[in-house]
Amino acid sequence: MAIKCVGILTSGGDAPGMNAAIRAVTRSAIFNGLKVKGIYRGYKGLVANEIVPFKTQNVSNIIQQGGTILKTARSMEFKTKEGRKIAYENMTAAGIDALVVIGGDGSLTGARIFAEEYNVPIIGLPGTIDNDLFGTDRTIGYDTALNTIMEAVDKIRDTATSHERLFFIEVMGRDAGFLALNGAIAVGAEDAIIPEMATEVDQLAELIENGFRKSKNSSIVLVAESETTGGAMGLAERVKNEYPQYDVRVTILGHIQRGGSPTATDRILASRLGNAAIEALLEDQRNVMVGIENDKIVYVPFARAIKNDKPIDRELLNVLRVLSI
Ligand code: F6P
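Printed below as a string of structure tokens:
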């Protein structure tokens with residue numbers, strides 16, 4: 224059956240560039256003769272029937288805005304069979320016959336279950352600052368978050384140098400170290416402590432032995448939030464106990480990393496992926512995430528995007544190590 228009306232929602236943690244993606248999906252759908260409905264508050268709004276017709280004007284003047292005009296939520300109801308049944312009934316009552324879901328790991332997991340249960344065509348767009356979806360080189364929001372981290376850490380470096388202190392700066396990423404590792408390269412940090420390496424070495428001991436002692440009186444270390452790394456607070460505690468000679472401070476960057484106007488890179492990425500999502504639906508593709516690899520659009524089955532852990536590039540670890548002597 225040909226698709227006539229596409230529903231669009233954003234779910235999970237917001238990410239800069241989600242609005243650019245909403246705009247691209249809406250405009251591309253209308254350009255191709257489809258109707259569009261905006262679903263507010265993610266899956267929660269699908270269950271609560273918060274569905275509104277979208278015209279091209281609904282997405283005017285939003286490409287430069289952070290956050291998501293559709294709002295977002297993490298829905299408990301949609302995790303239940305009953306919740307998904309209501310969601311399906313609301314969707315069909317609104318005349319929606321396909322969905323575009325913009326979000327991270329959890330959102331695409333929800334999409335996969337829903338698509339299997341109700342045979343609904345769904346296309347996913349990787350929208351998360353964490354960059355932790357397999358099958359895409361970058362996710363929407365990641366570049367902006369990296370730039371926000373860079374600006375914040377550049378400021379912290381001034382005081383770290385003046386006081387000759389060791390700073391642990393905690394960045395987001397859930398269980399992934401992409402923001403910490405690439406952020407560390409971008410700010411010229413002494414090290415990045417990331418969950419991907421936690422099982423291999425004692426990263427703190429390595430830092431103190433190899434790096435901090437060598438030639439520097441101050442140090443900036445980016446720490447990925449995660450129980451496996453201990454987070455910035457956990458590491459600072461260890462320094463106080465095991466290496467009391469160092470004057471250590473902690474900054475947790477927190478939700479500042481999720482806000483702000485998206486960078487050109489994120490706007491372009493979101494625009495390309497949003498357009499490709501509609502092209503995918505028109506080509507009868509379903510249950511795939513649209514990603515980007517080597518600057519080309521790729522379609523990745525949900526199962527692959529969600530289940531596989533995206534590996535850290537060891538070359539980046541090497542660059543950081545070599546350049547921080
Ligand atoms: O997935 C995006 C993210 O910002 C993670 O980096 C972080 O762990 C989490 O969301 C925080 O979620 P919340 O805003 O619900 O506290």
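Quick note: to get the numbering used here, add 223 to the position in the sequence shown (first position is 1).
Glycine residues also receive a C-beta, built at the ideal position from the N, C-alpha and C atoms.
No experiment lies behind these values; they were computed from the predicted model shown.
First through last residue of the alpha helix (DSSP H) which encompasses residue i
i    : result
G457 : G454 to E465
T367 : Y365 to H386
I491 : A487 to L505
V282 : Run containing V282: none; DSSP gives neither H nor E here.
I286 : Here I286 belongs to no alpha helix (DSSP H), and DSSP marks it neither H nor E.
G268 : G265 to V270
Limits of the unbroken beta strand (DSSP E) element including residue i
i    : result
Y341 : That residue, Y341, is in no beta strand (DSSP E); its alpha helix (DSSP H) goes D328 to Y341.
K258 : K258 to I262
M512 : V511 to E516
S442 : S442 to A447
I274 : I274 to F277
L348 : I345 to P349
Contact test: residue i Cβ vs the ligand F6P heavy atom, cutoff 7 Å
i    : result
E502 : no
I417 : no
T233 : no
H386 : no
Own chain partners of residue i with C-beta closer than 7 Å, once the 5 adjacent residues on each side are dropped
i    : result
A409 : L369 and M373
F277 : T249, V259, K260 and G261
Same chain only: Cβ atoms within 8 Å of residue i, ignoring 5 sequence neighbours per side
i    : result
A403 : V394, G396, A415, I416, I417, L445, V446 and A447
Q480 : I352, A368, T371, I372, V394, M395 and L402
Identity of the residues DSSP links to residue i by a beta bridge
i    : result
A415 : L445
K557 : Limits of the chain in this structure are 224 at one end and 548 at the other, which puts residue 557 out of reach.
T474 : I392
V324 : L232 and G347
P524 : V511
The ligand GDP heavy atom lying under 7 Å from the CB of residue i
i    : result
R472 : No copy of the ligand GDP appears in this structure; the ligands present are the ligand F6P.
Sequence-distant residues of the same chain with beta carbon closer than 6 Å to residue i, five excluded per side
i    : result
Y311 : Y341
T359 : P349, G514 and I515
S330 : S234, G235 and V324
Segment contact flag, the segment 302–317 with the segment 237–248, C-beta cutoff 8 Å, min 3 pairs: Short answer: they don't touch.
Cβ contact check for the segment 481–496 and the segment 279–293: 3 or more pairs under 8 Å: With a cut-off of 8 Å, the segment 279–293 and the segment 481–496 count as touching, because enough Cβ pairs lie within range.
Three-pair Cβ contact test at 8 Å for the segment 329–347 versus the segment 518–530: Between the segment 329–347 and the segment 518–530 there are three or more inter-stretch CB-CB distances shorter than 8 Å, so the stretches are counted as touching.
Three CB pairs or more closer than 8 Å across the segment 472–479 and the segment 377–392: Touching, per the Cβ criterion.
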